[in-house]
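Novice:
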Amino acid sequence: MKKHQMLIGGKWVDPASGDWFETLNPFTAKPWALVPRGSKPDVDRAVEAADCAYRGEWRKLTATARGALLRKLGDLIASEAQRLSEIESTDNGKLIAEMRGQLNYIPQWFYYFGGLADKIEGRVIPIDKPGVFNFTREEPLGVVAAITAWNSPLLLATWKLAPALAAGNTVVWKPSEYSSISAFAFGELFEKAGFPPGVVNIVTGFGPEVGEPLTTHPKVAKIAFTGGDKTGEHIYQMAAKGIKPVTLELGGKSANIVFDDAELDDAVKGVVSGIFAATGQTCIAGSRALIHRPIYAEFVERLLALAKTARMGDPLDPGTQVGPVTTQPQYNKILDYIRIAKEEGAVCRMGGGPAKRPECGAGWFVEPTIFTDVKPEMRIANEEVFGPVLSIIPFDDEEEALRIANNTVYGLAAGVWTKSIRRALLMSERLEAGTVWVNTYRAVSYMSPFGGYKRSGIGRESGLDAIREYLQTKSVWIDIAGNAPNPFVMR
Ligand code: NDP
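According to the numbering used here, the sequence shown is numbered sequentially starting from 4.
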């Protein structure tokens, strides 16, 4: 098994602890690589290196040169997309087809934000005070801590690194303990692209041992986090002590709403894709299907018919449609939620337990599961399962659909299926979610802001909004009149 090293200050180093831990392949449930167990001394070294790069070489580069490095990195990722996607698929069990798609798309973030690097402009303010010239500068924050979840390791990191670096910050990145291996391969590409040492540092390990000292380090200026809302809340509290800005991309309980005027074949595919793609392990999973009562029975039958065709198996096989769950704790959590849903009276129409098919090997597979007769007050309708478990809830009209959809602490995304433009506009205005898809689902782009309302998060990733998360505004005042005013009166 390969024993990996961490990237700190441009060098590949062993962890200060001298410890490594095994990372498991979710399909075989067997260890396949060794991850350095980072701790506070590694975090301290990485933050110092990032701070030194921020005040030194990185700052001396023009914004155009920074942008060129980001674009070069994009080219390198494009040329390595196949290798990187195989690593991700082996480490987190997501389908090779999905990971290949992500890796082929990731370069676009580096091209887009690379292009944006030298278009960050301040303003000249026509200030109301005679004899004074006033302008603004948009400046980086300093060292950014990026802490990411396991479900789309490189994509989630890219959403932070591309805008943070384009804005002129340096980064210390802590990937998830469950999916660190692709980070090492990614780190090599930063080196190959020619980023100065210390601009990007990678410290692996566990949340309390790496994530906490990183969040609380006095030289870390900002935390960009993707993960569960409980961890996000804890990080927010730690950041508050240091008065640090945060971007938090957290969980969801998104509603996929199907009206009786929808193109039903498309809606059925949209609901299946919303919950069973990526084995339901996406923050934007459409885990609640809200179905208009006139089509309820027909829709459920069509949904079951399509969902039953899902092919489970080896995520590295391009024909597989539903892979394993990434971690054993997550597998147990999903099975717990299935049990709770049954106890609370939801009716299990499909799946409802571990998948014991021969093609599933020794992996952590859960049968794609569909519950009907789900009441909005049940736990399965309110809590994020993060697995292939769908709750179906009927509704009578638009008002009821909105009431059910918005009756959640989360607000990450929502889907609406209708042919009515009036309905599409009404719903997209009144749904409390950072993203609303109409007649489509699970679409993201480097150009369009992504983030949560309510407990799903703070701040936006992607698009022009994202770069603002990594900048601060300075107002510069220059006296051009040359006559010193009364020193005892505010000018
Ligand atoms: P977690 O919140 O468990 O972990 C996320 C990251 O935070 C990991 O790197 C983890 O480390 C780290 N961490 C854990 N504890 C601490 C701590 N005390 N201090 C600092 N860092 C800590 O989330 P999961 O990895 O389980 O990911 C699943 C969650 O992510 C789901 O809720 C999902 O909805 C959300 N998510 C949100 C997205 C969005 O864009 N809104 C996208 C994708 C996922 P460790 O390595 O030890 O786990």
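Ideal Cβ placement from N, Cα and C applies to all residues, glycine included.
How would you label Q284, buried or exposed, when you count the other beta carbons within 10 angstroms and need 16 or more for buried?
Specialist: Indexing the sequence shown from 1 puts residue 284 at position 281. Flag for Q284 reads buried.
Novice: Given a cut-off of 7 angstroms on the beta-carbon distance, is the pair T282 and P391 in contact?
Specialist: Within the sequence shown, residue 282 is the residue found at index 279, counting from 1. Within the sequence shown, residue 391 is the residue found at index 388, counting from 1. Contact: yes.
Novice: Using the three-state DSSP reduction, which class does A148 fall into: helix, strand or coil?
Specialist: Along the sequence shown, read from residue 1 onward, the residue named residue 148 stands at position 145. Three-state DSSP puts A148 in a strand.
Novice: Do you know offhand how far F262's Cα is from R425's?
Specialist: The count along the sequence shown starts at 1 and reaches residue 262 at position 259. The count along the sequence shown starts at 1 and reaches residue 425 at position 422. Cα to Cα, the separation comes out at about 13 angstroms.
Novice: How would you write the range of the beta strand (DSSP E) that G117 sits in, first residue to last?
Specialist: Position 114 of the sequence shown, counted from the start, is the residue given in the question as residue 117. From DSSP, G117 is part of no beta strand (DSSP E) but of the alpha helix (DSSP H) over I99 to L119.
Novice: If you measure from the CB of A292, is any heavy atom of the ligand NDP nearer than 6 angstroms?
Specialist: For the purposes of this step, residue 292 is identified with residue 289 of the sequence shown, where counting begins at 1. Flag unset: Cβ of A292 not near the ligand NDP.
Novice: Count the other CB atoms, across all protein chains shown, that sit within 10 Å of the CB of L253; report buried if there are 16 or more and exposed otherwise.
Specialist: One-based indexing of the sequence shown puts residue 253 at position 250. Looking at its Cβ environment, which holds 16 or more other Cβ atoms inside 10 Å, L253 is buried.
Novice: Just to confirm before moving on: does the CB-CB distance between G455 and R463 stay below 7 angstroms?
Specialist: As a position in the sequence shown, residue 455 is number 452, starting the count at 1. As a position in the sequence shown, residue 463 is number 460, starting the count at 1. Cβ atoms of G455 and R463: not closer than 7 angstroms.
Novice: Under 8 angstroms by Cβ, that's how I've got V325 and Y334 pegged, so tell me the actual separation to the nearest angstrom.
Specialist: As a position in the sequence shown, residue 325 is number 322, starting the count at 1. As a position in the sequence shown, residue 334 is number 331, starting the count at 1. Not quite, the Cβ-Cβ distance comes to about 14 angstroms (not below 8 angstroms), so this is no contact.
Novice: Tell me, to the nearest whole angstrom, how far the beta carbon of L192 is from that of I11; I am working on the premise that it is less than 8 angstroms.
Specialist: Numbered from its first residue, the sequence shown carries residue 192 at position 189. Numbered from its first residue, the sequence shown carries residue 11 at position 8. The Cβ separation is near 17 angstroms, so there is no contact.
Novice: Which residue comes first and which comes last in the beta strand (DSSP E) that contains R291?
Specialist: For the purposes of this step, residue 291 is taken as the residue at position 288 of the sequence shown. Segment R291 to H295, the beta strand (DSSP E) holding R291.
Novice: Between A19 and G41, what straight-line distance do the alpha-carbon atoms span, to the nearest angstrom?
Specialist: Counting from 1 along the sequence shown, the entry for residue 19 is found at position 16. Counting from 1 along the sequence shown, the entry for residue 41 is found at position 38. Between A19 and G41, the C-alpha separation is close to 7 angstroms.
Novice: Among all the DSSP beta bridges, which residues are the ones paired with G418?
Specialist: To locate residue 418, count along the sequence shown from 1; it is residue 415. Per DSSP, N259 and W440.
Novice: Please report how far the alpha carbon of D121 lies from the alpha carbon of R69, in whole angstroms.
Specialist: Translated into the one-based positions of the sequence shown, residue 121 becomes position 118. Translated into the one-based positions of the sequence shown, residue 69 becomes position 66. About 8 angstroms.
Novice: Work out the CA separation of K43 and L393 for me, nearest whole Å.
Specialist: Against the sequence shown, residue 393 aligns to sequence position 390. Against the sequence shown, residue 43 aligns to sequence position 40. Roughly 41 angstroms separates the two Cα atoms.
Novice: For M450, count neighbouring Cβ atoms within 10 angstroms of its own Cβ and tell me buried if that reaches 16, exposed if not.
Specialist: As a first step, residue 450 is located in the sequence shown; it is residue number 447 there, counting from the start. M450 comes out exposed.
Novice: Is C286 near the ligand NDP - that is, is its Cβ less than 6 angstroms away from at least one heavy atom of it?
Specialist: Counted from its first residue, the sequence shown places residue 286 at position 283. Yes, the Cβ of C286 comes within 6 angstroms of a heavy atom of the ligand NDP.
Novice: According to DSSP, simplified to helix, strand and coil, what is E370?
Specialist: Here residue 370 refers to the residue found at position 367 when the sequence shown is read from its first residue. DSSP places E370 in coil when its eight states are reduced to three.
Novice: May I ask whether a heavy atom of the ligand NDP can be found less than 6 angstroms away from the beta carbon of G390?
Specialist: Against the sequence shown, residue 390 aligns to sequence position 387. No, the Cβ of G390 stays beyond 6 angstroms of every heavy atom of the ligand NDP.
Novice: Taking K378 as part of the beta strand (DSSP E), name the residues at either end of that continuous run.
Specialist: Position 375 of the sequence shown holds residue 378. First-last for K378: undefined, no H or E at that position.
Novice: Counting only the same chain and skipping the five closest in sequence on each side, list residues whose C-beta sits under 7 angstroms from that of D468.
Specialist: For the purposes of this step, residue 468 is identified with residue 465 of the sequence shown, where counting begins at 1. Counting only Cβ-Cβ distances below 7 angstroms, and skipping sequence neighbours, we find P452.
Novice: Return the residue from the list R494, V492, E51 and G117 that minimises the CA-CA distance to V223.
Specialist: For the purposes of this step, residue 223 is taken as the residue at position 220 of the sequence shown. Looking at the Cα atoms, E51 is the closest of the given residues.
Novice: Can you tell me which of the three DSSP states E180 falls into?
Specialist: As a working mapping, residue 180 is identified with position 177 in the sequence shown. Three-state DSSP puts E180 in coil, outside helix and strand.
Novice: Given this structure, state the Cα-to-Cα distance separating G231 from Y239, to the nearest angstrom.
Specialist: The residue labelled residue 231 in the question sits at position 228 within the sequence shown. The residue labelled residue 239 in the question sits at position 236 within the sequence shown. G231 and Y239 have their alpha carbons spaced roughly 12 angstroms apart.
Novice: In angstroms, rounded to a whole number, what distance separates the CA positions of G421 and E380?
Specialist: As a first step, residue 421 is located in the sequence shown; it is residue number 418 there, counting from the start. As a first step, residue 380 is located in the sequence shown; it is residue number 377 there, counting from the start. It is worth fixing the name first, because residue 421 is Thr in this sequence and not Gly. Straight-line Cα distance between these residues: approximately 26 angstroms.
Novice: My output table needs one value for T476: the three-state DSSP class, helix, strand or coil.
Specialist: For the purposes of this step, residue 476 is taken as the residue at position 473 of the sequence shown. The answer is strand: DSSP assigns T476 an E or B state.
Novice: Going by C-alpha distance, which of A186, A243, G364 and N409 is nearest W15?
Specialist: As a working mapping, residue 15 is identified with position 12 in the sequence shown. Among A186, A243, G364 and N409, the Cα nearest to that of W15 belongs to A186.
Novice: Taking 7 angstroms as the threshold (C-beta atoms), are I150 and K132 in contact?
Specialist: As a first step, residue 132 must be located in the sequence shown, where it is residue number 129. As a first step, residue 150 must be located in the sequence shown, where it is residue number 147. Note that the C-beta distance between K132 and I150 is not below 7 angstroms.
Novice: Helix, strand or coil: how does DSSP classify F189 here?
Specialist: The residue you call residue 189 lines up with position 186 of the sequence shown. Residue state, collapsed to three classes: helix.
Novice: In the DSSP assignment, find the unbroken beta strand (DSSP E) run with I11 in it and report its ends.
Specialist: Counted from its first residue, the sequence shown places residue 11 at position 8. For I11, the uninterrupted beta strand (DSSP E) segment begins and ends at M9 to I11.
Novice: Which residue's Cα is closest to the Cα of R406: V46, G245, L293 and A56?
Specialist: Within the sequence shown, residue 406 is the residue found at index 403, counting from 1. Minimum Cα distance to R406 is reached at L293.
Novice: State the DSSP-derived secondary structure class of N204, mapped to helix, strand or coil.
Specialist: Looking up residue 204 in the sequence shown gives position 201. Correct three-state label for N204: strand.
Novice: In angstroms, rounded to a whole number, what distance separates the CA positions of H295 and T312?
Specialist: For the purposes of this step, residue 295 is taken as residue 292 along the sequence shown, with counting starting at 1. For the purposes of this step, residue 312 is taken as residue 309 along the sequence shown, with counting starting at 1. Each residue's alpha carbon lies about 24 angstroms from the other.
Novice: Between which two residues does the alpha helix (DSSP H) holding L157 run?
Specialist: Here the question's residue 157 lines up with position 154 in the sequence shown. Note, L157: alpha helix (DSSP H), P156 to A169.
Novice: Say the cut is 6 angstroms; is the CB of F398 nearer than that to a heavy atom of the ligand NDP?
Specialist: Counted from its first residue, the sequence shown places residue 398 at position 395. The answer is no for F398.
Novice: Alpha carbon to alpha carbon, how far is E60 from G197? Give it in angstroms, no decimals.
Specialist: Here residue 197 is taken as the residue at index 194 of the sequence shown, counted from 1. Here residue 60 is taken as the residue at index 57 of the sequence shown, counted from 1. Looking at the backbone, the Cα of G197 and that of E60 are separated by about 12 angstroms.
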